[in-house]
Amino acid sequence: MRFAFTDEQAMIAETANDLFVGEATSERTRAAMADAGCDRALWDSLSATGFVGVHMPGDVGGSELGMVELAIIAEAAGRQVAAVPLIATQAALSALQADGRADLIERVLGGQVATLALAGGLAPHGTIADLFLIEQDGGLVVADRDAVEVGAGVTMDQTRPLAQVKLTGAPIATLSAKALDVAKHTGWIAVAADALGGAQACLDRTVEYVKERQQFGQAIGGFQAIKHRLADMMVEIEQARSAVYWAACAVDEGAEDAELALHSAKAFAADAYATCAGAMIQLHGGIGFTWEHDAHLFFKRAQADRTLFGSSAQHREAIAQIIGLGAIAA
Amino acid sequence: MKLGFTEAEEAFRVEAATWLTAALTGPFADVRGVTSLVEMPERRREWEKYLAASRWSCIGWPAQYGGRDATLAQQVIFAEEYARAGGPPRLNHLGIELIGPTILAYGTDEQKARFLPAIANGDHIWCQGYSEPGAGSDLGGVRTKAWREGGDWVIEGQKVWTSLAQFCDWIFVIARTDPESVGSKGLSFLLVPMDQDGVTVRNIVQMTGESEFNETFFDAARTDAANILGEPGQGWGVAMALLGFERGVSTLGQQMGFRNELDDLIEAARANGSAGDPVIRQKIAQAEIGLRLMRYGALRMLTASADGGSNPAAFTYKIQWANWRQSLGELAMEVLGQAGEISDAHGEYAFSRLPHLFLYSRADTIYGGTNEIQRNIIAERALGLPREARTRAK
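Heads up: the protein sequence lines correspond to chains X and H, in order. The first sequence: position 154 = 154 (full-length UniProt numbering), numbered continuously. The second sequence: position 207 = 207 (full-length UniProt numbering), numbered continuously.
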């Protein structure tokens, strides 16, 4: 038992943070938002550094690390609301790995974008994806772009545009139920880590703001009404951090409570993010409600994290069943 | 980053679990499953002596003072197995978790030799003399006085909320030893025997109907001049360091108690059918998540402290568990409905576990630093926000 980053993991966290802080700037993210919601240059950097395939085996070009490292990278991306298709691509890679599809993994690690549409859900970055994994009949079908119809409108979170996808041609592969499961597991961890990073950014940026902003002759960060709300944000975030890394470790170690950990992480972290992003706007006052300020990027991403790959209520219902509450009364 | 335990650690788990199960189904079957802090105090004192006789009392302590030099992982495992086996709350919780580690850190060799084995073997049960009627979370407002008279310290004043003082042999007291001082200066940290004419303990009845804490009066009470921890006038630093020991391995044992409460609630919800209500299910699932996150938060804190550092989770833990438990109490009453409001104790004002939890948990967000104080601590020490202006009347 040693529930802290190893030296190597701490180094990955530092490298990932430096990369996202340096490249996923507000200007570049906003440029991507005005375009197709993807910062292609950043995506290329992520592919080149091996961050996309951090959890893939070495013989297909992966970094041979696990869910903890994947969470570290997703957390760093979330901290900057980076406009990249990282989460769905990583989930798709896990599914391909589960069924031994090295050929398709290599395409993705070569820079292609993969997306994942679970039953009843939309495909993130569907309009720019090259490879589509679509839930069907308890498994997944994999299709190239020419075999799917992609319908897209304007998405609330422009850093992660959603698309309706429909298989219209012949799939290039079908994947097993197990592949679907691991896609979900990776997806939940990645979303939860994204939410953790985002929530932490909301807190950090708001703390900086209230130390500067003066009212009644003093920094507003000295007022209890402000301090207590920020303290409550930190209480949520520290729990979200425990949740994300518990889930990542549990999957890596094949722990008995992995399923419970995954649902906990996804539900708790996404809700914590929503709480923190809402508080960020409130504590910034009027400026926090403007398009010019980045607060709304976090607020919208938090909402997107809440619904991507299952709502918080759905994940809590899954927990209710795991802990023996039986079925919902008819 | 790793959650699982090694084979050697798992072997230790089996050893501990085997011993605990044998004890708690054999000679101490009567204290198994006791949850109240005030139930069967004499038997629990015997239980703690029995633990000590096999050196299971405070395994994290150095062997020379009655411990086992247990590793962090072993302490985690023991806390979990102790609770799993139904071990009762430790009567000497404050001795083992708070004053013991503080004496280890600040005591002289003589003090260590005198006090630590007596705590470890269950001879000395300790309570805490911090709070006063006029000074709640504001320890700087302490008015209890002490002065030197010959080879003794003489103590005058009153403490309040002294948990379990009615069962205790020793109390650690923050007293003002410099009469001219104000605030945190001029305070000393004294170790005082309870069994003397100068110390009077008076029970306070709580809103649950029980008496767990007390008013403690010092009327020319005495303690040997050697029984001061740290230098005279430097008691504040010792008192603060002691509070730092509060977030230790015991949190994991505490969580096992919470586990049992949540399991009771789940059982009640299944029994009366409310488990099928989607709203109740959501709330129970949220409680389950919260409990798990306490465990993993505690593991983060413990790992960091084993490395000689601290983790941000340590700042947030008190609010986290206090809010969780208060919500659980409210959820329990939602599950039980009106039936939960009737005592089944035959005319006594005494409630079974879940309704008792509902009432008791109102204290969770108050003692050990109120939620409001905790939020100030988080904001100022963890987030670096400006200090609130504090003035004290002279």
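Just so you know, even glycine gets a beta-carbon here, dropped at the ideal spot from N, CA and C.
Cut-off 6 angstroms between Cβ atoms - residues of its own chain near residue i, not counting five sequence neighbours on either side
i, result
"LEU72 (chain H)", "LEU302 and ALA306"
"LYS394 (chain H)", "Any reading at LYS394 (chain H) needs caution, since the residue's pLDDT is 44, under 50, leaving its predicted position unreliable; the model's value is listed next. There are no such residues."
"SER361 (chain H)", "ARG325, GLN326 and GLY329"
"ALA165 (chain H)", "CYS127, VAL201, ASN214 and THR216"
"ALA265 (chain X)", "ALA192, ALA243, VAL244 and ALA247"
"GLY326 (chain X)", "none"
"SER63 (chain X)", "GLY50 and VAL54"
Beta-carbon neighbours of residue i, restricted to chain H and to distances below 7 angstroms
i, result
"GLY221 (chain X)", "LEU385 and PRO386"
"SER94 (chain X)", "Here the premise fails: no neighbours, minimum Cβ distance about 19 angstroms."
"GLN200 (chain X)", "What GLN200 (chain X) touches in chain H: nothing, since even the nearest Cβ is about 10 angstroms away."
Where residue i falls, given that 16 or more other Cβ within 10 Å makes a residue buried
i, result
"GLN214 (chain X)", "exposed"
"GLU288 (chain H)", "buried"
"SER181 (chain H)", "exposed"
"MET240 (chain H)", "exposed"
"ASN92 (chain H)", "buried"
"MET294 (chain H)", "buried"
"ILE204 (chain H)", "exposed"
"ARG222 (chain H)", "buried"
"PRO278 (chain H)", "exposed"
"ILE280 (chain H)", "buried"
"ILE103 (chain H)", "buried"
"GLY198 (chain X)", "buried"
"ASN272 (chain H)", "exposed"
"GLU388 (chain H)", "exposed"
"SER188 (chain H)", "buried"
"ARG13 (chain H)", "buried"
"GLU97 (chain H)", "buried"
"ALA226 (chain H)", "exposed"
"GLU208 (chain X)", "exposed"
"THR174 (chain X)", "exposed"
Amino acids of chain H, ordered along the chain, whose beta-carbon sits closer than 9 angstroms to that of residue i
i, result
"GLY62 (chain X)", "Residues of chain H passing the Cβ test: none, with the nearest at roughly 19 angstroms."
"PHE268 (chain X)", "GLN286, ILE289, GLY290 and LEU293"
"ASP227 (chain X)", "With the sequence shown as reference, residue 227 (chain X) is identified as Lys, and Asp is not the correct amino acid for it. Residues of chain H passing the Cβ test: ARG375, ASN376, ILE378, ALA379, GLU380, LEU383, LEU385, PRO386 and GLU388."
"LEU260 (chain X)", "GLU288, ILE289 and ARG292"
Beta-carbon proximity list for residue i, same chain, < 7 angstroms, skipping 5 on both sides
i, result
"THR127 (chain X)", "ALA36, VAL150, ALA152, PRO161 and ALA163"
"GLU259 (chain X)", "ILE322"
"ALA304 (chain H)", "SER310 and ASN311"
"ALA183 (chain X)", "ALA91, ALA92, SER94, ALA95, LEU116, LEU133 and LEU140"
"LYS318 (chain H)", "GLY368, GLY369 and GLN374"
"ALA4 (chain X)", "none"
"ASP344 (chain H)", "SER352"
"GLY60 (chain H)", "GLY67, ALA70, GLN75 and VAL249"
Neighbour list for residue i in chain X, Cβ cutoff strictly below 8 angstroms
i, result
"LEU3 (chain H)", "MET1, PHE3, TRP246, CYS249, ALA250, GLU253 and ALA255"
"ARG259 (chain H)", "By Cβ distance, chain X contributes nothing, its closest Cβ being about 11 angstroms from ARG259 (chain H), past 8 angstroms."
Residue i: contacting residues in chain H (beta-carbon distance under 8 angstroms)
i, result
"GLU317 (chain X)", "PRO278, ARG281, GLN282 and ALA285"
"MET234 (chain X)", "PRO312, PHE315, THR316, ILE378, ALA382 and LEU383"
"GLY326 (chain X)", "ARG270, ALA275 and GLY276"
"ILE323 (chain X)", "ILE266, ILE284, ALA285 and GLU288"
Partner residues on chain X for residue i, Cβ-Cβ distance less than 7 angstroms
i, result
"ILE319 (chain H)", "VAL235"
"TYR50 (chain H)", "Near TYR50 (chain H) there are no residues of chain X at all, since even the closest Cβ is about 28 angstroms away, more than 7 angstroms."
"THR208 (chain H)", "In chain order: nothing, as chain X lies at least about 27 angstroms away."
"ALA304 (chain H)", "ALA4"
"residue 406 (chain H)", "An answer regarding residue 406 (chain H) cannot be provided, because it is not within the stretch 1 to 394 covered by chain H."
The ligand COA heavy atom lying under 6 angstroms from the CB of residue i
i, result
"GLN326 (chain H)", "Looking for the ligand COA in the displayed structure turns up nothing, as the structure carries no ligands at all."
Close-in-space but distant-in-sequence residues of the same chain around residue i (CB under 8 angstroms, 5 per side omitted)
i, result
"ASP169 (chain H)", "ASP123, HIS124, ILE125, TRP126, PRO193, MET194 and ASP195"
"ILE226 (chain X)", "VAL210, ILE220 and LEU283"
Contacts that residue i makes with chain X (C-beta to C-beta distance below 9 angstroms)
i, result
"ARG300 (chain H)", "PHE3, ALA4, GLU238, ARG241, SER242 and TYR245"
Original post:
Closer than 7 angstroms, Cβ to any Cβ of chain X: which residues of the region 61-87 of chain H, in chain order?
Top reply: ALA73 and VAL76
Subject >> Chain-ordered residues of the region 263-292 of chain H with a beta carbon less than 8 angstroms from chain X >> reply: ILE266, ALA269, ARG270, GLY273, ALA275, GLY276, ASP277, PRO278, ARG281, GLN282, ILE284, ALA285, GLN286, GLU288, ILE289, GLY290 and ARG292
**OP:** List in chain order: all unbroken beta strand (DSSP E) runs of 3+ residues lying wholly within the UniProt domain "Acyl-CoA oxidase/dehydrogenase middle" (127-218) of chain H.
**Re:** 145-149, 152-160, 170-176, 187-193 and 199-203
Original post:
For the region 38-71 of chain X, which residues have a CB atom closer than 8 angstroms to at least one CB atom of chain H, in sequence order?
Top reply: Against chain H - using a Cβ distance shorter than 8 angstroms - the residues of the region 38-71 of chain X are VAL68.
Subject >> Where the region 288-317 of chain X meets chain H: residues whose CB sits under 7 angstroms from a CB there >> reply: ALA313, ARG316 and GLU317
**OP:** Taking only runs that begin and end inside the region 88-124 of chain X, name each unbroken alpha helix (DSSP H) of 4 or more residues, in chain order.
**Re:** You should have 102-109.
Subject >> Completely contained alpha helix (DSSP H) runs for the region 25-101 of chain H, where each covers 4 or more residues >> reply: 41-53 and 72-84
**OP:** For the region 12-27 of chain H, enumerate the residues whose C-beta is nearer than 7 angstroms to any C-beta of chain X, in chain order.
**Re:** none
Original post:
For the region 7-27 of chain X, which residues have a beta carbon sitting closer than 9 angstroms to at least one beta carbon of chain H?
Top reply: GLN9
Subject >> Minimum length 4: unbroken alpha helix (DSSP H) runs contained in the region 206-271 of chain X >> reply: 224-252
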